[in-house]
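Worksheet: one structure, shown below.
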Amino acid sequence: MSPVLAGVLQLLALMVALALAYRPLGDYMAGVYSSPKHLRVEKWIYRAIGANPATEMRWPAYLRGVLGFSLVSVLFLYLLQRIQGSLPGSLGFSSIDPDQAFNTAASFISNTNWQSYYGEQAMGHVVQTGGLAVQNFLSAAVGMAVAIALVRGFARSRTGELGNFWSDMVRGTIRILLPIALVGAVLLVACGAIQNFAGIHPVGQFMGGSQQWNGGAVASQEAIKELGTNGGGYFNANSAHPFENPNGLSNLLEIFLILLIPLSLTRTFGRMVGSVKQGYAILATMVTIWIVFTALMMWTEFHHGGPAFDIAGGATEGKETRFGIGASSIFSVATTLTSTGAVNSFLSSYTGFGGGIAMLGMQLGEIAPGGVGSGLYGILIMAVIAVFLAGLMVGRTPEYLGKKIGTKQIKFAACYILITPALVLCFTGVAMAMNTPANSMTNSGAHGFSEILYAYTSGANNNGSAFAGLNADTQWFNTSIGIAMLLGRFLPMVFVLALAGSLAEQKPVPVTAGTLRTDKPLFSGLLVGTIMIVAGLTYFPALALGPLAEGLAS
1 MSPVLAGVLQ LLALMVALAL AYRPLGDYMA GVYSSPKHLR VEKWIYRAIG ANPATEMRWP
61 AYLRGVLGFS LVSVLFLYLL QRIQGSLPGS LGFSSIDPDQ AFNTAASFIS NTNWQSYYGE
121 QAMGHVVQTG GLAVQNFLSA AVGMAVAIAL VRGFARSRTG ELGNFWSDMV RGTIRILLPI
181 ALVGAVLLVA CGAIQNFAGI HPVGQFMGGS QQWNGGAVAS QEAIKELGTN GGGYFNANSA
241 HPFENPNGLS NLLEIFLILL IPLSLTRTFG RMVGSVKQGY AILATMVTIW IVFTALMMWT
301 EFHHGGPAFD IAGGATEGKE TRFGIGASSI FSVATTLTST GAVNSFLSSY TGFGGGIAML
361 GMQLGEIAPG GVGSGLYGIL IMAVIAVFLA GLMVGRTPEY LGKKIGTKQI KFAACYILIT
421 PALVLCFTGV AMAMNTPANS MTNSGAHGFS EILYAYTSGA NNNGSAFAGL NADTQWFNTS
481 IGIAMLLGRF LPMVFVLALA GSLAEQKPVP VTAGTLRTDK PLFSGLLVGT IMIVAGLTYF
541 PALALGPLAE GLAS
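Structural data, given as structure tokens:
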């Protein structure tokens with residue numbers, strides 16, 4: 001079987017598995033967030049944190065819950081790293097330096113999971129399982145809660161109430177993330193991923209020196225790392241490490257986990273707004289972009305010119321032989337089109353155009369299908385922009401799901417789409433203008449610029465994957481990327497919840513002959529065009545200096 005055919009067959013198998021899970025999981029999640037009943041374990045949690053799950057919140061109160069909970073989480077994870085040297089199960093590792101601890105705390109709380117440290121050489125069992133793995137659940141649940149609040153904004157009328165943050169967060173964790181992650185962890189163990197609390201032990205000589213391996217609760221962390229679109233790996237090699245991702249079957253399972261919830265949330269959205277066709281329209285937009293990006297990535301990695309590529313059958317450098325080019329391309333697109341920082345190959349070794357595709361996937365806003373929760377609210381913001389543009393073209397007040405998109409709503413949407421590009425481009429410009437950050441680049445020219453641009457694109461978009469070749473473990477990068485991650489996560493949430501509150505206060509607008517049908521293929525096409533134009537106009541000059549220049553020169 002040719003490598004190209006193998007990659008295509010894996011892609012088809014993945015699509016079939018996702019299609020089979022789409023309807024039951026989407027309907028289940030709609031029931032989870034709509035049910036008036038609370039499980040016993042959930043009631044215990046509410047009593048422990050002093051929350052009343054029956055209290056409805058307006059958007060300022062909902063936002064205070066999100067920010068307050070996230071602030072406590074940042075402080076807890078920061079302190080846990082700073083006292084690691086005094087904790088049992090530290091494996092002899094010392095406490096984490098302040099700038100590194102801040103970066104890691106900001107990273108895992110913001111669902112970014114950027115890592116500028118070697119996991120197997122820095123973090124003990126307590127920090128890995130009690131700190132990082134726990135935040136993999138909680139940060140994902142926060143993103144899902146904010147997405148559900150926006151969906152309620154479209155579904156409700158004449159009220160500013162968006163639900164209860166504490167109830168949404170707890171339910172997302174207990175009823176959705178935990179059960180699926182448990183099954184995923186068992187399947188990963190069956191595939192060969194490790195799951196233990198073993199210490200460091202030598203395994204022999206390697207290239208004239210001794211080699212050591214760590215044990216750890218890897219499978220359980222790997223499952224939620226992918227399911228929650230987190231990405232922080234137990235080992236520095238991340239999902240290219242055989243302890244995390246042993247073979248082709250586990251690789252396909254991990255891609256399935258990455259895409260499962262973001263895609264299924266479109267069904268949840270359709271059920272909660274009372275029209276599954278609306279969910280299908282959003283799904284069609286996501287799938288179209290995802291398939292196009294995957295096809296382009298596979299094409300550029302299999303068929304990019306050059307004698308070395310021709311002999312090897314494609315751009316094999318930096319890719320694990322047990323996965324090959326096809327599976328590595330599918331994985332890289334799945335992670336960069338979601339907010340998943342996991343990698344199973346070395347992105348810096350991709351072709352110039354291949355690296356650009358990965359970068360552009362994040363710069364779209366990671367909405368195809370995007371992160372857990374963040375992908376749904378991100379594409380709904382773009383849908384608001386799309387109907388506004390359509391209204392301008394026909395001279396009619398734009399409407400979406402029976403809600404008028406007026407001045408207030410479009411201002412919230414515009415602020416949302418401007419925040420992340422501003423963070424990426426400003427931080428990249430400052431870093432390139434300074435001497436110290438530039439000295440961290442392994443490469444010069446267009447590729448070196450791509451390393452810096454990718455780092456801030458990954459941080460501000462809460463992705464967490466690394467282009468590699470950049471020494472990011474410096475005070476400048478730890479601090480600046482940490483700030484970009486926090487601002488890129490929580491500032492957009494302010495405008496998402498403000499938009500949700502303004503929509504929930506409106507009364508429904510009746511459908512007329514002039515209403516744009518947003519459940520038809522025409523709207524999906526308009527939405528795809530809007531997404532590509534907005535991202536292209538914003539990032540094209542920077543891309544032209546980096547991956548496009550490199551790709552055209554090679």
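Anchor point for the sequence shown: position 347 equals 347 in my numbering, and the numbering is continuous, going up by one each time. All C-beta atoms in this analysis are idealised placements derived from N, C-alpha and C, irrespective of residue type, glycine included.
Do Tyr22 and Ser275 have their C-beta atoms within less than 7 Å of each other?
-> no
Just mark Arg557 as buried or exposed, buried being the case when its beta carbon has 16 or more other beta carbons within 10 Å.
-> Because the chain is modelled from 1 through 554, residue 557 falls outside the range shown and cannot be assessed.
Compare the C-alpha of Gly352 against each of His303, Phe388 and Met393 and name the closest.
-> Looking at the Cα atoms, His303 is the closest of the given residues.
Give the straight-line distance between the Cα atoms of Thr336 and Ser86, rounded to the nearest whole angstrom.
-> The straight-line gap from Cα to Cα measures roughly 37 Å.
Going by DSSP, name the residue or residues bridged to Arg152.
-> BP columns for Arg152 are empty, so no partner.
Within the chosen definition, does the stretch 485-498 reach the stretch 246-255 through at least 3 CB pairs nearer than 8 Å?
-> No, the stretch 485-498 does not touch the stretch 246-255.
Is it true that the CB of Asp99 sits closer than 7 Å to the CB of Asn478?
-> yes
So Asn478 is in the alpha helix (DSSP H); what residue range does that whole segment cover?
-> Gln475 to Ala504
Specify the secondary structure class of Met202 as computed by DSSP and reduced to three states.
-> The question names Met, yet the displayed sequence has Pro at residue 202. In this structure, Pro202 counts as strand in the three-state DSSP scheme.
Expressed to the nearest angstrom, what Euclidean distance is found between the alpha-carbon atoms of Pro24 and Pro202?
-> 46 Å
Less than 8 Å between the CB atoms is what I'm expecting for Gly459 and Met485, so what's the real figure, rounded?
-> Rounded, the Cβ-Cβ distance is 5 Å, consistent with contact.
Which class does Met1 belong to by DSSP, given the choice of helix, strand or coil?
-> coil
Check whether the Cβ atoms of Glu226 and Gly233 sit closer than 7 Å, and answer yes or no.
-> It is not a contact, given that the beta carbons lie outside the stated cut-off.
Buried or exposed: where does Gln10 fall if 16 or more other Cβ atoms within 10 Å of its Cβ makes it buried?
-> Buried, by the Cβ-count rule.
Compare the beta carbon distance of Gly215 and Asn113 with 7 Å and say whether it is the shorter of the two.
-> no
Check whether the stretch 137-153 touches the stretch 161-176, taking contact to mean three or more Cβ pairs, one atom from each stretch, closer than 8 Å.
-> yes
With distances taken Cα to Cα, identify the nearest neighbour of Pro179 among Thr518, Phe412 and Tyr28.
-> Scanning Thr518, Phe412 and Tyr28 for the CA closest to the CA of Pro179 turns up Tyr28.
Taking 7 Å as the cut-off, decide whether the C-beta atoms of Ala51 and Tyr78 are in contact.
-> no
Going by DSSP, name the residue or residues bridged to Arg58.
-> As computed with DSSP, Arg58 is found in a beta bridge with Glu161.
Distance, Ile325 Cα to Gly7 Cα = 8 Å
Quick one: using the 10 Å Cβ neighbour count with 16 as the cut-off for buried, is Gly373 buried or exposed?
-> Its Cβ being crowded by 16 or more others within 10 Å, Gly373 is buried.
Using the C-alpha atoms, what's the distance from Phe346 back to Thr316?
-> 10 Å
Using a Cβ-Cβ cut-off of 7 Å (strictly less than) and excluding sequence neighbours within five positions of Ala443, which residues of its own chain qualify?
-> First, the amino acid is wrong: residue 443 is Asn here, not Ala. Excluding residues within five positions, the ones whose Cβ falls inside 7 Å are Glu451 and Gly469.
When the distance is taken between beta carbons, is Pro521 closer than 7 Å to Pro369?
-> no
Skipping 5 residues on each side, what residues in its chain have a beta carbon closer than 6 Å to that of Gly318?
-> Contacts found: Ser345, Phe346 and Ser349.
Length of the line joining the Cα atoms of Leu177 and Ile224 = 7 Å
What's the C-alpha gap between Asn196 and Leu259?
-> 27 Å
Do you know offhand how far Gly402's Cα is from Val32's?
-> 24 Å
Through-space distance from Leu63 to Val384, alpha-carbon basis = 21 Å
Expected contact under 8 Å - CB spacing of Thr285 and Ser524 to nearest Å | 5 Å
Taking only runs of the alpha helix (DSSP H) that begin and end inside the stretch 205-290, which ones reach a length of at least 4 residues, in chain order?
-> When DSSP assignments are scanned along the stretch 205-290, the uninterrupted stretches of alpha helix (DSSP H) that are 4 or more residues long and fall wholly within it turn out to be 218-227 and 248-273.
Out of curiosity, what's the CA-to-CA distance linking Met441 and Ala431?
-> 11 Å
DSSP state of Ile311, grouped into three classes?
-> Low confidence applies to Ile311: its pLDDT is 46, below 50, so where it sits in the model is not reliable, and the reading given next is rough at best. In the structure shown, Ile311 sits in a helix (DSSP, three-state: H, G or I).
Cutoff 6 Å; reference Ser90; Cβ partners in own chain excluding five residues on either side | Gln84 and Gly124
Best match in Ala549, Val72, Ala48 and Ala342 for proximity to Asn463 [C-alpha to C-alpha] = Ala342
Taking the DSSP output, what are the residues bridged to Lys403?
-> Tyr400
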